[in-house]
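Asks: Encoded as structure tokens, here's the structure I'll be asking about.
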Amino acid sequence: MGEEAFAYDASRIKVLEGRHAIRKRPGMYVGSTGERGLRQTVFDLADRAVNEVLTGSATRLGITFLSDGGVRVDDDGPGVPVEAAGHTGGPGLETLLTQPFTGPDTSGRHGLTSGLVGVGPCVTNALSSRLTAEVRRDGTRWVQEYAHGAALTPPAAVGPASGSGTTFTFRPDADIFETTEFVFGVFVERFRELAFLYRDLDVSLTDERTPGEPRSVRFRFPDGVREFVAFLDAEAETARTAGTAGPAGTAVDPDVIAFERDTPEATVDVALRWSDSHEERVRGFANGVPTLEGSTHLLGFRDGLAAAVHAYARERRLLTAADPGPSADRIARGLTAVVSVKLDRPEFLGATRGTLGNPAARPCVAETVRDHLGVWFAEQPERAGALVGRLL
Numbered sequence: 008m009g010e011e012a013f014a015y016d017a018s019r020i021k022v023l024e025g026r027h028a029i030r031k032r033p034g035m036y037v038g039s040t041g042e043r044g045l046r047q048t049v050f051d052l053a054d055r056a057v058n059e060v061l062t063g064s065a066t067r068l069g070i071t072f073l074s075d076g077g078v079r080v081d082d083d084g085p086g087v088p089v090e091a092a093g094h095t096g097g098p099g100l101e102t103l104l105t106q107p108f109t110g111p112d113t114s115g116r117h118g119l120t121s122g123l124v125g126v127g128p129c130v131t132n133a134l135s136s137r138l139t140a141e142v143r144r145d146g147t148r149w150v151q152e153y154a155h156g157a158a159l160t161p162p163a164a165v166g167p168a169s170g171s172g173t174t175f176t177f178r179p180d181a182d183i184f185e186t187t188e189f190v191f192g193v194f195v196e197r198f199r200e201l202a203f204l205y206r207d208l209d210v211s212l213t214d215e216r217t218p219g220e221p222r223s224v225r226f227r228f229p230d231g232v233r234e235f236v237a238f239l240d241a242e243a244e245t246a247r248t249a250g251t252a253g254p255a256g257t258a259v260d261p262d263v264i265a266f267e268r269d270t271p272e273a274t275v276d277v278a279l280r281w282s283d284s285h286e287e288r289v290r291g292f293a294n295g296v297p298t299l300e301g302s303t304h305l306l307g308f309r310d311g312l313a314a315a316v317h318a319y320a321r322e323r324r325l326l327t328a329a330d331p332g333p334s335a336d337r338i339a340r341g342l343t344a345v346v347s348v349k350l351d352r353p354e355f356l357g358a359t360r361g362t363l364g365n366p367a368a369r370p371c372v373a374e375t376v377r378d379h380l381g382v383w384f385a386e387q388p389e390r391a392g393a394l395v396g397r398l399l
């Protein structure tokens with residue numbers, strides 16, 4: 008081979024930006040071109056609306072799977088600013104849908120970002136064959152059409168608006184994704200989780216794809232993770248009754264123990280209840296993202312449980328100073344719990360963001376659990392004695 012074959016300089020480098028980069032390597036932005044990546048397109052649009060609810064700008068979020076294969080995501084917020092109208096107060100509609108990493112900062116503990124890299128709604132737009140944006144703001148309804156992430160026309164005022172809000176309707180690009188069939192149950196499970204974790208969230212999901220049999224659910228849980236634990240126990244009992252799981256167990260104490268604490272390191276939100284089952288059901292979340300065993304906040308939860316139980320048992324002389332006490336695994340047997348932390352700068356390990364790595368989360372959660380469970384033990388001596396006696 009001659010020297011020309013090996014020649015390589017800056018002229019041979021091709022730089023891809025915006026929608027072109029997203030369409031060239033979609034897996035980098037949504038995880039895959041399969042069903043997992045497909046559902047991420049909905050989450051990337053819905054996160055914006057969820058954050059408007061969390062900040063008090065909106066009161067509800069609606070997601071509808073349309074009969075033609077498209078998806079509609081709408082909210083009743085103030086409406087995305089429209090450049091053509093001279094609106095200010097954040098990135099405009101075209102900027103939001105065409106430029107990565109735009110929009111309000113949702114990296115802190117009070118925001119939600121379900122995307123892999125936090126690029127924003129422009130990912131969904133770039134991976135859609137068509138997307139229609141509708142903004143209702145200041146009494147005017149604005150509409151803009153996109154194809155493959157590119158604007159077909161400028162935003163146009165098409166008439167008066169009733170109320171305010173933003174609606175995005177899109178069809179995933181069949182040339183990008185291996186499947187364009189959304190699984191409704193996956194979204195039901197995920198947004199039910201979010202409604203438990205963020206008690207102000209009001210979300211509705213509708214599936215219009217089956218003629219004559221539309222399905223619709225609505226989630227809002229003012230009691231937050233306390234209701235989440237009750238739901239998990241009821242779900243286990245339903246599975247036991249149906250014969251698809253082992254014994255769910257009878258609650259050792261009927262009440263769900265729940266507490267929340269704001270600390271400089273994190274907001275810690277915990278609910279738990281023991282049953283006489285041998286199964287452990289502990290769910291962990293960090294800034295709304297489901298986390299795996301081994302995450303620092305889940306390790307801290309187990310540390311706090313053991314510390315509270317050991318302290319109570321020794322104070323009541325159920326354990327001597329020489330006794331090692333039950334292990335964390337033994338204490339967690341029969342336990343249903345939800346451990347949710349919200350951090351200013353969450354550090355997830357691995358490409359799938361499944362494990363929280365913040366070192367400070369472990370002692371923070373441990374102290375919170377130890378203190379609050381210790382208070383419950385002191386205020387409920389008879390119930391605490393029965394519970395700890397069983398654990399021992």
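Numbering-wise (the numbering used here), the sequence shown opens with residue 8 and increments by one. All residues carry an ideal CB built from backbone N, CA and C; glycine is no exception.
Can you give me the C-alpha to C-alpha distance between Gly307 and Pro370, rounded to a whole angstrom?
Replies: Whole-angstrom Cα-Cα distance: 6 angstroms.
Asks: Within a Cβ cutoff of 7 angstroms, which residues of the same chain sit near Arg309, ignoring the five residues on either side of it in sequence?
Replies: Around Arg309: Ala335, Ala339.
Asks: State the start and end residues of the unbroken alpha helix (DSSP H) segment that holds Arg55.
Replies: 42-61 is the span of the alpha helix (DSSP H), which, as asked, contains Arg55.
Asks: In whole angstroms, what is the alpha-carbon distance linking Trp149 and Gly86?
Replies: Their backbone Cα atoms lie some 10 angstroms apart in a straight line.
Asks: Return yes when the Cβ of Arg30 is within less than 8 angstroms of the Cβ of Gly192, no when it is not.
Replies: Contact: no.
Asks: Going by DSSP, name the residue or residues bridged to Asp214.
Replies: Partner(s): Phe72, Arg222.
Asks: Beta-carbon within less than 6 angstroms of Thr71's beta-carbon, same chain only, minus the 5 sequence neighbours each way: which residues are those?
Replies: Arg79, Thr213.
Asks: Mind reading off the beta-carbon distance from Ala273 to Ala368? Whole number of angstroms is fine, and I expect it under 8 angstroms.
Replies: About 6 angstroms separates the two Cβ atoms, so the contact holds.
Asks: Quick one: Cα of Asp276 to Cα of Thr298, how far?
Replies: Between Asp276 and Thr298, the C-alpha separation is close to 14 angstroms.
Asks: Between the Cα of Arg43 and the Cα atoms of Thr147, Glu90, Thr186, which residue gives the shortest distance?
Replies: If we check each option's Cα against that of Arg43, Thr186 comes out closest.
Asks: Assign Glu59 to buried or exposed, taking buried as 16 or more other Cβ atoms, counted over all protein chains shown, within 10 Å of its Cβ.
Replies: Per the 10 Å Cβ criterion, buried.
Asks: Under the assumption that Leu279 contacts Ala328 (Cβ atoms under 8 angstroms), give the Cβ distance between them as a whole number of angstroms.
Replies: With a Cβ gap of about 27 angstroms, Leu279 and Ala328 do not count as contacting.
Asks: Output the distance between the C-alpha atoms of Met35 and Thr48, rounded to the nearest integer angstrom.
Replies: Taking the straight line joining both Cα atoms gives about 13 angstroms.
Asks: Sort out for me which residues DSSP pairs Thr303 with in a bridge.
Replies: Note: Thr303 sits in no beta bridge, so no partner.
Asks: Output the boundary residues of the beta strand (DSSP E) element that contains Tyr153.
Replies: Per DSSP, Tyr153 belongs to the beta strand (DSSP E) from 147-154.
Asks: Who are the Cβ neighbours of Gly84 in its own chain at under 6 angstroms, not counting the five residues just before and after it?
Replies: Correct list, in chain order: Glu59, Ser64, Ala65, Gly172.
Asks: Mind checking who Lys349 pairs with in its DSSP beta bridge?
Replies: DSSP lists Thr274 as partners of Lys349.
Asks: For the candidate residues Pro162, His117, Val126, Gly146, whose alpha-carbon lies nearest to that of Leu138?
Replies: Considering only alpha carbons, the answer is Pro162.
Asks: With a threshold of 6 angstroms on Cβ separation, who are the neighbours of Ser302 within its own chain once the five nearest residues in sequence on each side are excluded?
Replies: For Ser302, where only same-chain residues beyond five positions count, the Cβ hits under 6 angstroms are Gly291, Thr362, Leu363.
Asks: Given that a residue counts as buried once 16 or more other Cβ atoms are within 10 Å of its Cβ, and exposed if not, what is His379?
Replies: Looking at its Cβ environment, which holds 16 or more other Cβ atoms inside 10 Å, His379 is buried.
Asks: With DSSP as the reference, identify every bridge partner of Asp180, one or two as the case may be.
Replies: None; Asp180 has no bridge partner.
Asks: Considering Cα atoms alone, identify which of Thr62, Thr160, Tyr319 is closest to Glu386.
Replies: Out of Thr62, Thr160, Tyr319, Tyr319 has the C-alpha closest to the C-alpha of Glu386.
Asks: Sorted by chain position, which residues of the same chain lie with C-beta nearer than 6 angstroms to His94's C-beta, five sequence neighbours on each side aside?
Replies: Same-chain partners within the cutoff: Pro88.
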